[in-house]
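Protein chains in written order, with my numbering: chain A, 1 to 152; chain B, 1001 to 1731.
Using N, Cα and C, we set each Cβ at its ideal position, and we do this for glycine too.
Values in this document were obtained by computation on a predicted structure and should not be read as measured data.
Structure, as structure tokens:
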Amino acid sequence: MASVAFTINGQAVTLAAEPNASLLWAVREQIGLTGTKFGCGSGLCGACTLHVNGEAVRSCQTSLQSVAGKRVTTIEGLSANGDHPLQKAWIAEQTPQCGYCQSGQIMKAAELLAKTPKPTREQIVQHMDGNLCRCGAYPRIASAIERASKEG
Amino acid sequence: MTASDVTRSGLSRRAVLAGSAGLSFAFALGFDPGAGALAAGPGGRINAYVRIATDGTITIINPAAEMGQGVNTAIPLIIAEELDADWSKVKVETAPVDPVYNHPVLRTQMVVASISVRGYWMPCRMAGAQARRVLMEAAAGRWGVPLAEVSTEPSAVLHKASNRRMTYGEIAAFAQVPEKMPELKPEELKPVAQFRLLGKDVTRVDVAAKSTGRETYAIDVRVPGMLYGTLARRPVRDSGPVSFNRDEIRQMPGIVEVVALDHGVGVIGETVEAVFAARQKLKIQWKDAPGFKMNSETARAEYLAKVRDPAAKGVVGRNTGDAMGAIASAARVHTSEFTTDYVYHAQMEPHACVASVTPDGLELWAGTQWPTRTVEDAAKAAGVPAAKVKFHHLTMGGGYGRNAFVEYAVDATLLSKAVGKPVKMIQSREDDMANGRFRPMTAQRIVVALDGQGKVSGWRHRIAADTIVPYLYGQERMDAQKGVDHIVVYGADMPHYEVPNHVAEHIYEERGVRTAAWRGIGAGHNNFAIEVVLDELARMAGEDPVAYRLAILKDPRAKAVVQKASQMADFSRKRDGRALGVAFSKLGAPPIGFALIATVAEVSVDRASGKIGVHNLWMAADVGLPLQPSNIVAQLEGAAVYSLGAALKERVTIKNGLVEQSNFHDYEIMRMSEIPAMHTELIRSGDIPLPVGELSMGATLPAIANAVFALTGKTLRHAPFTPERVKQALA
Ligand code: FES
Ligand code: FES
């Protein structure tokens, strides 16, 4: 079995990788970082969104082998103390309901703010449109992103 | 349930105190012999809801399951308010399964129908006030002053006359839990005007964990030696596997066991990937069952034929006066028909549960809307008494009615039992959808009797739909209710309207489809029909929809929400290329009380594509006493988004018993780009919190249909209003 070395939230890891291993399940079940969620397994919901080399990707559609030598960041590693501007804004806006989609929402939003620190509402909606929230927390997801972009 | 049931079961003071007395007895067993001191008890337990540690930490037990609705903040907040707790010192714990925490109306631990806060309101106020009284008595005793001279400030008892003060933590170090708990009268509770936590928007206790990935859902649980499992469930009721390719699956990499169950085939393996891959390769021959004959497209027409057929007998679910007599003697009769499709809950966390069956019993990690039943059913599956179940009750990644059915806990237990190891059972999204439990499909026909003056004299609402109650609660309960499926007929009654004679009938459609309550309960489909008919009647009367409703609504609170929403929307102002529609709805039942809402929708229609755009929703909601106003707004808007899906695109279709949709590409739910601007205002109408979580579900659909009529002159009768259906209606 091949092994794959990469960094996760700044720490080096080497995992044994079955050919069919997905990044999502490796992160959740092997490494034990369960903030990244399984929603559809087919790239359709965004619950599994994390960063690979700073890009938001859907980990259910990313093979473990493909991240060899790369930097993987999950919701747990987005900030040292859960105080990324988005996380503070998420709390201030009381955004989460069931919360299940929210790690993916925040990681997707973090990608936006990294590239576009002052997005318009349209840019927010366009960027976030693939991340589903069954609780319908969309208004507060959008307003939390706006707040984070203002308050930094 | 009758009014007297409710009174007896705990909304009255007597029942509450009887319950509390029962609690203190139960706790007494947990104390060390002879130790009545708080500090010596298990964590400083005062009653079932409150523990106070000597460092001042207050643990409040939340009896209701959290699934996004915010109940793990709202209910503890009620207790903290009466306890006069310093909220920053409060920790919230979810209750274990224990009859002491039964919902006062449901008489089991269950979260349905948006009645958690309403149901636990008085018991929890009493529990908080009682705990405060115990602390006050202890402090007064220590100081040797009369109880009447002491008071509290957040987390401390004061004796103002002598300027003395003791914190709750200090008191916990010496206080005794009295053998007989103090009895409080409702008038001794804190006056609502003095609330300092309720009504003030306290930060939800779970949002920080949910913003940092730290919240634990059942799917996140990992225990040593755990295997993974999944299940291919029979597609329809009463079927089961006849044969399957066991040998082939058994040899796939990473597969440990393949298990035949009565109701499906389980696959157990070393990784999630292995069991999902094996699941895809499973070839199962299913035992024939009536459900395999089900084709929803043809069935819908048959349901419609049923509501038209005078010979088709329905069970009377709601009845006031003599609707049939009124129709027979009507000057004029108006008839209208509607259908709604099956819809899927699509909770974002696919069903998952961890179970570990050992010779000693069962350990279970699950999120569930019905903890009591979860433990009972899983215990049965494990073959152990319920007392041998160690249950970890976790928050849910959405519920919406789906997780009141607890079959996933049984499945996880059976898989663990089969291999003698802990198993995390996860359903793929495809399986979660294939064996979803859907809101029944309905065909509805409303016949309205009008008298010589054009006033409504009678109303007959016939609903052909699958049943739910026998599958959720059992046939016994259905029989005890004289065949009334209260979930299906929910919302068909019209107590706020001047409709003197009214009947709602349910014609059963039993076709083997797996059903459940869906957010909004029956109001999601029934109120669609009711409120579209009201617009039709308004047009017949030559009145505008708001004026007509204000005239025919007899309830002042109902009039107020309609008035408010129409003001918010500036209802009479014409818009270019857009139009408005209004609808009224309610949530609750007579003994509990009704929360009320009026919704105005602003829509446009792209005639070429048939696509409806919903641009604005104005909602005015009378929720009684709003405890967590910002969270109530989130619930109203979230449920509006949920019902927009049912209005515009969500539909499950069934062919030969099999669900045709499989994931979010063909069962699309609302996206951020499709969300209207939402404007929500709360009306406070009293001192009791009324049901909230599903309130906006009933009004969104008809408001959109009525707006589309205002714009196009065509009525949409088949929900969801897909582009094809809109084009058909406009043709
Ligand atoms: S779980 Fe990866 S996109 Fe849905
Ligand atoms: S908060 Fe529940 S799915 Fe988004």
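At a CB-CB cut-off below 9 Å, which residues of chain A make contact with residue i?
i          : result
Thr1271(B) : Glu18, Asn20, Ala21, Trp25, Glu29, Gln30
Pro1350(B) : Phe38, Gly39, Cys40, Gly41
Ala1278(B) : Residues of chain A passing the Cβ test: none, with the nearest at roughly 11 Å.
Check whether the Cβ of residue i lies closer than 9 Å to any Cβ atom in chain B.
i         : result
Arg186(A) : Absent from the model: residue 186(A). The displayed extent of chain A is 1 to 152, so no value can be given.
Asn131(A) : yes
Gln11(A)  : no
Thr73(A)  : no
Ser103(A) : yes
Gln61(A)  : no
Lys80(A)  : Here residue 80(A) is Ala; the residue named in the question, Lys, does not match the sequence. Chain B, which has no Cβ nearer than 9 Å to the Cβ of Ala80(A), makes this no.
Gln87(A)  : yes
Quick one: does residue i have its CB under 9 Å from some CB of chain A?
i          : result
Met1110(B) : no
Ala1003(B) : Note that Ala1003(B) has pLDDT 34, beneath the 50 cutoff, so the model's placement of it is unreliable and the number below is only indicative. No, no contact with chain A.
Ile1669(B) : yes
Thr1054(B) : no
Ala1411(B) : The residue asked about is misnamed: residue 1411(B) is Asp in this sequence, not Ala. No, Asp1411(B) does not count as interfacial toward chain A.
Lys1089(B) : no
Pro1691(B) : no
Among the candidates the options, whose CA atom is the shortest distance from the CA of residue i?
i          : options                                        : result
Gly1657(B) : Asp1238(B), Asp1098(B), Ile1052(B)             : Asp1238(B)
Gly104(A)  : Met128(A), Arg71(A), Leu64(A), Gln65(A)        : Met128(A)
Ala1175(B) : Ala1140(B), Pro1154(B), Gln1194(B)             : Ala1140(B)
Ala1579(B) : Gly1686(B), Lys1306(B), Ala1707(B)             : Ala1707(B)
Leu1690(B) : Val1112(B), Pro1076(B), Thr1054(B), Ser1116(B) : Ser1116(B)
Phe1405(B) : His1351(B), Glu1273(B), Gly1291(B)             : His1351(B)
Gly1620(B) : Leu1682(B), Thr1073(B), Gly1610(B)             : Correcting the residue type first, residue 1620(B) is Ala in the shown sequence and not Gly. Ala1620(B) has its Cα closest to that of Leu1682(B), out of Leu1682(B), Thr1073(B), Gly1610(B).
Gly1169(B) : Thr1059(B), Met1494(B), Pro1096(B)             : Thr1059(B)
Ala1218(B) : Leu1648(B), Ile1061(B), Leu1364(B)             : Leu1364(B)
Trp995(B)  : Lys1160(B), Val1202(B), Ala1095(B)             : Shown here, chain B extends from 1001 to 1731; a query on residue 995(B) therefore has no answer.
Asn1062(B) : Thr1054(B), Gly1264(B), Val1097(B)             : Val1097(B)
Lys1283(B) : Gln1369(B), Ala1260(B), Thr1653(B)             : Ala1260(B)
Thr1152(B) : Gly1420(B), Arg1133(B), Met1678(B), Asp1555(B) : Arg1133(B)
Thr1054(B) : Ile1078(B), Ile1079(B), Leu1135(B)             : Leu1135(B)
Val1223(B) : Leu1648(B), Ala1551(B), Pro1422(B)             : Pro1422(B)
Going along chain B, which residues have a C-beta under 8 Å from residue i?
i         : result
Val125(A) : Met1672, Ser1673
Pro139(A) : Glu1637, Ile1675, Met1678
Ala142(A) : Met1672
Gly35(A)  : Thr1212, Gly1213, Arg1214
Ala109(A) : Within chain B, no residue comes near Ala109(A); the closest Cβ sits about 11 Å away, beyond 8 Å.
Ala47(A)  : Met1348
Mind pulling the chain B residues with CB within less than 7 Å of residue i?
i         : result
Pro119(A) : The contacting residues do not exist; Pro119(A) stays about 13 Å from chain B at best.
Met128(A) : Met1672
Note down, in chain order, every chain A residue with its Cβ under 7 Å from the Cβ of residue i.
i          : result
Asn1663(B) : Cys40, Ser42, Leu44
Glu1215(B) : Gly99
Gln1347(B) : Arg134
Met1067(B) : Cys98
Strictly by DSSP, which residues pair up with residue i?
i          : result
His1461(B) : Ile1446(B), Ala1504(B)
Gly1581(B) : Ala1601(B)
Gly1624(B) : Pro1689(B)
Ile1612(B) : Val1605(B)
Phe1391(B) : Leu1364(B)
Ala12(A)   : Thr7(A)
Pro1241(B) : Trp1286(B)
Give the interface partners of residue i over in chain A, defined as CB-CB distance under 8 Å, in chain order.
i          : result
Asn1631(B) : Gln94
Could you check whether the Cβ of residue i sits closer than 8 Å to any heavy atom belonging to ligand 3?
i         : result
Lys108(A) : With respect to ligand 3, the structure offers nothing, as its ligand set consists of ligand 1 and ligand 2.
What residues of chain B sit near residue i, judged by a beta carbon separation below 9 Å?
i        : result
Glu76(A) : Thr1212, Gly1213, Arg1214
Ile8(A)  : Ordered by position in chain B, no residue passes the 9 Å Cβ test against Ile8(A), which lies about 13 Å from the chain.
Inter-stretch contact at 8 Å, needing at least 3 Cβ pairs: the region 1628 to 1645 of chain B / the region 1693 to 1709 of chain B: yes
Cβ contact check for the region 1498 to 1515 of chain B and the region 1455 to 1466 of chain B: 3 or more pairs under 8 Å: Cβ pair count under 8 Å is three or more, so yes.
Sufficient close CB pairs (3 or more, under 8 Å) joining the region 1304 to 1322 of chain B to the region 1375 to 1388 of chain B: no
Contact the region 118 to 125 of chain A vs the region 1246 to 1261 of chain B: 3+ CB pairs below 8 Å: no
Three-pair Cβ contact test at 8 Å for the region 1444 to 1451 of chain B versus the region 1228 to 1247 of chain B: no
At least three beta-carbon pairs within less than 8 Å, the region 1717 to 1727 of chain B to the region 1659 to 1679 of chain B: no
The region 9 to 20 of chain A in contact with the region 45 to 60 of chain A per 3-pair CB rule at 8 Å: no
Three CB pairs or more closer than 8 Å across the region 1209 to 1228 of chain B and the region 72 to 90 of chain A: yes
The region 1180 to 1194 of chain B in contact with the region 1123 to 1131 of chain B per 3-pair CB rule at 8 Å: yes
Stretch pair the region 1436 to 1448 of chain B + the region 1373 to 1381 of chain B: three plus CB contacts closer than 8 Å: no
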